[in-house]
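Heads up, the sequence shown is in our numbering, so the first residue is 605 and it goes up one at a time.
Cβ coordinates follow ideal geometry from the N, Cα and C atoms, glycine included.
Source: prediction; values computed, not measured.
First comes the structure, then the notes that go with it.
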Amino acid sequence: MVTTQRHSSFLNIALALAIGLALACAPLFVSTVYAKKPKIKPPKRISYEHDYAEQQLVVRWNKNKGAKKTVVKLRKGKTVLATKKVRKKKAKFSESLLVHGQKYNIRYRHVKTKKKRVSNWRKKKFTFQDLDFDNDFISNDDDPDDDNDGILDDDDEYPVDHDNDGTPDYEDDDDDNDLVDDADDKYPNDHDNDGINDIDDADDDNDGINDVDEEAGQQYDHDNDGIEDQDDEDYEGNAPETYTITINSDGLDDNDVTIAVDDYVKWINKDQLRDRTISATDRLWSCEPMLYNKSCTKQFTEVGTYTYHDPITESSSFEGVIRVVE
């Protein structure tokens, strides 16, 4: 009986202590749950412009009170091309990330501070308009020769196509038809790579005949055999060839390619819905993920059979083979 009374007394004391502790902590709990820090309002009046003098896309906005830093993401669809976190009211993105006429979007928000929570994301869609196609720091409106091919726009059948091959420069990976991809070309508007842009070079193909005296179609024909250098087997001493494989949304346009030793294979992604990549079946080599209209090039220097696939999908239509022969 005594033991029972002591046990009951102990429970009463424990209950009283628990109630007292709960009442003491109640104000702290309420303040933590209900007294949240206010949110910062999102950036406002966002705008963008193509700064062709710096070859950059410049994004500007107005900060809201209390904001210190802003996160800005440049995206194509849901793919993030670049992210910037800045204190200033502007962010700059390289023009090399953008393709003329393609659609992009900018996501942006203010970063949290000690006194305020992070703001909501906002988004702005836009279509990139390149104001300087040939990157000569002269706007298209003021440039009499937008593609630096030496032919004035008024007389040019392809005014935005430096090599006049029918593919606009913003879709052409080799603007001067010298068999060097623009991404790797020190002189992307210089066919003979002598350091003088074609527009300033009196003899674009270094054949000893000035361009003004060349016969039609021989401006890029170093040996004047009637075959343009890009299609001429003896251009630059039998220069390696580049074979292009297009990756579409339904698979590769060519799954079986035969090339010679030292030739190149270039894969270009034309699937507008997702990034694509290429990886060797034996995992000895692979390409970085390719955004839409971007490419990956690999040289094959040894005889053999090389199989590959796109690891993003299991479909056999994205599997291919490269056969390298002497």
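- Contact between Lys898 and Asn859 fails: their C-beta atoms lie close to 21 Å from each other, not under 8 Å.
- Looking at the backbone, the Cα of Glu923 and that of Met894 are separated by about 16 Å.
- In this structure, the straight-line span from the alpha carbon of Ile916 to that of Asp746 is close to 45 Å.
- Secondary structure at Asp757: helix, using DSSP grouped into helix, strand and coil.
- Of all C-beta pairs linking the segment 755-766 to the segment 666-686, fewer than three are shorter than 8 Å, placing the two stretches out of contact.
- Distances from the CA of His795 to each of Ala806, Asp782, Val907 were compared; the closest alpha carbon is that of Asp782.
- Collapsing the DSSP output to three states places Leu701 in a helix.
- In this model, Cys900 and Tyr847 are separated by some 12 Å (Cα to Cα).
- Around the beta carbon of Asp854, fewer than 16 other beta carbons lie within 10 angstroms, which makes this residue exposed.
- Considering only Arg927, Asp786, Asp802, the residue with the shortest C-alpha distance to Thr905 is Arg927.
- In this structure, Asp773 sits near Asp751, with a CB-CB distance shorter than 8 Å.
- For the pair Glu818 and Val861, the Cα-to-Cα distance works out to about 36 Å.
- Per DSSP, the unbroken beta strand (DSSP E) holding Leu678 starts and ends at 674-680.
- Membership of Asn781 in any beta strand (DSSP E) is not indicated, and neither H nor E is assigned to it by DSSP.
- Contact between the segment 643-659 and the segment 718-728 is present: three or more C-beta pairs spanning the two stretches fall below 8 Å.
- A contact between stretches requires three or more CB pairs, one per stretch, nearer than 8 Å, and the segment 687-697 fails this requirement with the segment 728-741.
- For Asn724, there is no enclosing beta strand (DSSP E), as DSSP marks it with neither H nor E.
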